[in-house]
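J.: If you're matching positions, the sequence shown starts at 1 in the UniProt record's numbering and goes up one per residue.
All C-beta atoms in this analysis are idealised placements derived from N, C-alpha and C, irrespective of residue type, glycine included.
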Amino acid sequence: MVRVPQTEGFENPYTLIDAIEDAYPQLKFTAHPGRDNDFLLHPKDDETLAALLNLTSVISKPEKLHLVQPTLPKITGIVMGYPLRLPLEPLQKHTQVLETTRCTTTRDGVSTRQVRVPLEGQTLPSQLDLGVWGTFYLRPFSPEPARCYRCHAFGHTIYRCRQAKKCGIYSAPHDTSICLEKYKRKKQITLCCPNCGKAHHAWNPKCEERQRHVLQGIQGQAAWLEKHSEVPPGTFTWGAPRQPCPAQSTPPNILEEFPPLPASKIQRRQSQSPLTPLNPASTPSVATQNQAHLNITAYPT
């Protein structure tokens, strides 16, 4: 791709491309708008690409086009069940993984067993084989719902917005900065979300419209897992609360599990006399026992 920026001497990039097409009709390329008021040219052959890059002037006006390196397609997934004590190096060594980021909880920033991985390609694999470390399963990554900073509606960005400008604080047809200035001056302002009409600003995370888009992402992930992934049971269950542990039942009476002893054994136990304690006076002391031992083992002189 070749980028055509705003150039001095031309009203806009469109007029420059029109002049190139008239001056060099042998060049074969297609054009489409890019960001920041630029246009992108897609040459159909190598000769056209070389001619566009060597172009120094158009209708006697200096001009220099810039080559844009095409970005490789990539898709982001979440590795599930990755052990907390296992480093990320085995994932980083995978040929398809571009980078790794361990996910953390929003409230307290505690590390989780999920890792966000951008992968090369346009199709998300259902699993990654890490050799001796095992096979880990993936799910799609759902980013924060896109919100336009012009009309503050969800589902598109400002580059594709065709709606009128709307305040994200008061929902009035003016820029949000007007109400922000009033807020900084500690003036009283009225809160009215342009999406759900509740008393909060458009970027409030508890907005009902935002939560609806988040729920759609969750449902999409669950549908993808059911269709594409052979995840073992218990590896990942999105949005399902942990089942409570079963209540401990009363331990059984062990004596009730054994039959009673026969009458003959009971009588035999009762007839046996209990052991009588030893009389300390009749028991020789340790010194006496040692002396007797010495007397027995002594040799005559």
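(1) If Ser111 sits next to Thr104, beta carbons under 8 Å apart, how far is it from one beta carbon to the other, in whole angstroms?
(2) To the nearest angstrom, how far is it from the Cα of Thr30 to the Cα of Asp45?
(3) What residue does the alpha helix (DSSP H) around Val214 start on, and which one ends it?
(4) Just confirm the distance between the C-beta atoms of Leu130 and Pro90, as a whole number of angstroms; I'd bet it's less than 8 Å.
(5) On the criterion of 16 or more Cβ atoms from any shown chain inside 10 Å, does Thr123 qualify as buried, or is it exposed?
(6) Just reading off the alpha helix (DSSP H) that Lys166 is part of, what are its end residues?
(7) Among residues of its own chain, excluding the 5 on either side of Ala199, which ones have a beta-carbon nearer than 6 Å to its beta-carbon?
(8) Helix, strand or coil for Ile75, going by three-state DSSP, please let me know.
(9) Counting only runs that start and end within the region 68-144, where is the beta strand (DSSP E) found for 3 or more residues in a row?
(10) Taking the alpha-carbon positions, what's the Arg102 to Ile218 distance?
(11) With DSSP as the reference, label Arg147 as helix, strand or coil.
(12) Where do the N-terminal and C-terminal ends of the beta strand (DSSP E) with Ala31 fall, by residue?
(13) Counting only the same chain and skipping the five closest in sequence on each side, list residues whose C-beta sits under 8 Å from that of Arg113.
(14) Using the Cα positions of Asn12 and Arg3, report the straight-line distance between them to the nearest angstrom.
(15) Can the beta-carbon of Phe154 be found closer than 8 Å to that of Asn195?
(16) Assuming contact is defined by CB atoms lying nearer than 8 Å, are Leu53 and Met1 in contact in what I supplied?
(17) Taking just the CA atoms, how far does Val214 sit from Gln145?
(18) Figure out for me which residue from Gln96, Trp133, Val132 and Thr106 has the closest Cα to the Cα of residue 305.
(19) What is the residue span of the beta strand (DSSP E) that Pro43 lies within?
T.: Considering the structure as presented:
(1) Confirmed, about 6 Å.
(2) Taking the straight line joining both Cα atoms gives about 11 Å.
(3) Here the alpha helix (DSSP H) through Val214 covers Glu208 to His228.
(4) Confirmed, about 5 Å.
(5) Exposed, since its Cβ has fewer than 16 Cβ neighbours within 10 Å.
(6) Careful: Lys166 lies outside any alpha helix (DSSP H) and carries neither H nor E.
(7) Cβ-Cβ distances below 6 Å link Ala199 to Leu191 in the same chain, with the five nearest sequence neighbours on each side left out; the list follows chain order.
(8) Here Ile75 sits in strand by DSSP.
(9) Counting only runs that start and end inside the region 68-144, the beta strand (DSSP E) elements of at least 3 residues fall at 74-79, 101-104, 111-120, 127-129 and 135-140.
(10) Taking the straight line from one Cα to the other gives about 19 Å.
(11) Strand at Arg147.
(12) Judged by DSSP secondary structure, Ala31 falls within the beta strand (DSSP E) whose first and last residues are Phe29 to Pro33.
(13) Closer than 8 Å at Cβ, skipping near neighbours: Met80, Gly81, Tyr82, Pro83 and Leu84.
(14) One C-alpha to the other measures close to 13 Å.
(15) A contact, by the Cβ cut-off of 8 Å.
(16) No, these two residues do not count as a Cβ contact at 8 Å.
(17) Correcting the residue identity first, residue 145 is Pro in this sequence and not Gln. A straight line joining the alpha-carbon of Pro145 with that of Val214 spans about 7 Å.
(18) Since the first residue of the chain shown is 1 and the last is 301, residue 305 is not available in this structure.
(19) Per DSSP, Pro43 belongs to the beta strand (DSSP E) from Phe39 to Pro43.
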